[in-house]
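Residue numbers (the working numbering): 9 to 124.
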């Protein structure tokens, strides 16, 4: 895997971080400012996702994006918003992240770095 492709995987991780922001915003936004931040996070998240999927395999990019976003949202709910800690959730998040890492490891990059 080339280092330029690592750059695009890093962009997927950043997109997933913005996904966590907008998912939390959908649940907790109460003011116009919070809704604006939520909307901007949606646009940035999907913009980065689309950008990276032009180089990386789209199905794997989407699976990694959703997996990281889901894990991040659950962890944020527990740590920031006081949702009770649950070992079952932690176990399934670990399983999800194992699958996401496995997908990334076994996915072959596109030759030439362009989508077809």
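Quick reminder that beta carbons are idealized off the backbone N, C-alpha and C, glycines included.
| Check | Outcome |
| --- | --- |
| At least three beta-carbon pairs within less than 8 Å, the segment 67-85 to the segment 20-35 | yes |
| Limits of the unbroken alpha helix (DSSP H) element including residue 82 | 66-88 |
| DSSP state of residue 19 mapped onto helix, strand, coil | helix |
| Opening and closing residue of the alpha helix (DSSP H) in which residue 106 lies | 95-114 |
| Simplified DSSP assignment, three categories, for residue 7 | Residue 7 lies beyond the stretch modelled for the chain, which goes from 9 to 124, so this question has no answer here. |
| Whole-Å CB distance - residue 58 paired with residue 30, under 8 Å assumed | With a Cβ gap of about 15 Å, residue 58 and residue 30 do not count as contacting. |
| Helix, strand or coil at residue 45 [DSSP, three-state] | helix |
| Spatial distance of residue 56 from residue 106 (CA atoms) | 23 Å |
| Residue environment, residue 40, which counts as buried when at least 16 other CB atoms sit within 10 Å | exposed |
| Sub-8 Å separation of residue 101 and residue 79 beta-carbons | yes |
| Nearest neighbour of residue 53, chosen from 114, 16, 38 and 24 [CA to CA] | 24 |
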